[in-house]
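Taking it in order: structure first as structure tokens, then the write-up.
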Amino acid sequence: MGGRPRKIKKISKGTFVTVLVINSGSSSLKYQLVNPENGAAIASGLVERIGEEIAFIKHAYGEQEVKLETPVADHSVALAKVLELFDQVGPALSEAGIVAVGHRVVQGGSYFSGPAIITDEVRDLIEGFAPLAPLHNPAHLKGIDVARELMDVPHVAVFDTAFFQSLPAEAATYALDKEVAAKYSIRRYGAHGTSHQYVSGKVTEFLGDSELKQIVLHLGNGASASAVKNGHAVDTSMGLTPLEGLVMGTRTGDIDPAAVFHLSRVGGMSTDEIDTLFNKQSGLKGLTGDNDMRAIRDRATAGDAEARAALDVVVHRLIKYVGAYTAVLGGLDTLTFTAGIGENDPDLRAEVCERLAFMGIKLDLEKNAVRSKEPRVISTENSAIKVLVVPTNEELAIAQQAMSLI
Ligand code: ADP
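To convert, count from 1 in the sequence shown and add 65; that's the numbering used here.
Now the structure itself:
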């Protein structure tokens, strides 16, 4: 496979319509070809370690999976290789029916409250929000720029922050000097919004009730909680950045900002060192050395006190947020678990719900133990609050939002 990017002039429509969803990171490019109507993931893959000596490429289509290790100089070469793989392994681009490319973008500032067709102006706005998401937006732009060059279809940006633009001012505002906050655009933007919107929408659809007071717990490597009333977000745990809120795989979640002053003055640490400590070396990893919940769960089950203590911190933080958001909502109809841990760790769900029994939450332990890819209620008939597991699907949500604009 040659390294020169190939320009795709026109992608003709096949028998079905698809959206190519791209999540571009600083040294990676993940993609999924989605049928936005039935949610099928037709093909998917990733390119990792872009710019390093040897990159890793994986492309999966039906039963076929191709893995390659080869140098990939930049995102332009990465996408060209992906497009080649589509033609070699399938589905051929001429038959893939791609009508749009949906790009995941973490930070849309106070400007974007929904998806946007990427024009030059929109691209520049995304660049302008880079100081608010220095790890993410510049990396997304690499993917956006090369995809716009190589693929002659509408490109749509779907923002992680958009769902939370509806937060009431009192929830979005930090009690910071208002001129400083305005000058530096400091407010609560939230993140994981595409997932919270998708999952809370599924709950509404599943229960056939659009007037619900909902809490959604998105518990993956990153973790966040949201309070949703009648389909609109009214609070969320991630703030200016995805660092705030719940205990995460490698992030602290809530921590007294004075810890920063202390580590700087007493520990002599630089801003970048503290940033790395809080974002990459804390959370479950900082408490136990592991950031994979499965490993921590296994250790706790085997009697490891450190792992058990970390789980206690996780559960404590979760029930604190559920209590707070129930008060914000003025009651609660549904509590929904989603993402890697939320969907797959029945023990964590049981521990959280046990601590919330005082609210009238009753978990059906048999239903809680069932593994499924479908949305489901796991509380008992007489539970005061319905507890659900709803698998998230950010790629499908991005594909559907992209389709809504074209
Ligand atoms: P992200 O998309 O934020 O990287 P995911 O939503 O994929 O993360 O979630 C990853 C987390 O889910 C990891 O901590 C992983 O250990 C956890 N996880 C996956 N399967 C299970 C399981 N069966 N039991 C407990 N945790 C699980």
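Backbone N, C-alpha and C define an ideal beta-carbon position, used for all residues, glycine too. The structure presented is a predicted model; accordingly, all values stated were derived computationally and were not measured.
Can you give me the Cβ contacts of alanine 404 inside the same chain, cut-off strictly under 6 Å, excluding the 5 residues immediately before and after it? His283, Leu284, Gly285 and Thr457
Does the segment 425-441 come close enough to the segment 321-336 that 3 or more CB-CB pairs lie under 8 Å? With a cut-off of 8 Å, the segment 425-441 and the segment 321-336 do not count as touching, because too few Cβ pairs lie within range.
Enclosing alpha helix (DSSP H) for arginine 364 [first to last residue]: 358-366
Of all the beta strand (DSSP E) runs that stay within the bounds of the segment 130-193, which reach a length of 3 or more residues? 163-170
Considering only C-alpha positions, which residue in the set Gly395, Val86, Ala181 and Gln230 is nearest to valine 147? That would be Val86, whose Cα lies nearest to the Cα of valine 147.
C-alpha gap between serine 265 and valine 331, whole angstroms: 44 Å
Whole angstroms is fine: what's the gap from alanine 120's alpha carbon to glycine 255's? 32 Å
Please classify aspartate 217 as buried or exposed, where buried requires at least 16 other C-beta atoms within 10 Å of its C-beta. exposed
Are isoleucine 115 and alanine 143 closer than 8 Å when you measure CB to CB? yes
So does asparagine 409 have its beta carbon nearer than 7 Å to some heavy atom of the ligand ADP? Yes.
Which of helix, strand or coil DSSP assigns to serine 291: In the structure shown, serine 291 sits in a strand (DSSP, three-state: E or B).
Which residue comes first and which comes last in the alpha helix (DSSP H) that contains histidine 220? Premise fails: histidine 220 lies in the beta strand (DSSP E), 220-224, not in any alpha helix (DSSP H).
Own chain residues within Cβ distance below 6 Å of glycine 425, not counting five before or after: Ala449
What's the C-alpha gap between histidine 124 and glutamate 134? 12 Å
Is the beta carbon of valine 170 closer than 8 Å to that of alanine 212? Annotated as distal: alanine 212 and valine 170, with beta-carbon spacing of 8 Å or more.
Go ahead and label phenylalanine 326 buried or exposed: buried means 16 or more other beta carbons lie within 10 angstroms of its beta carbon, across all protein chains shown. exposed
If you draw a straight line from the C-alpha of leucine 394 to the C-alpha of isoleucine 280, how long is it? 9 Å
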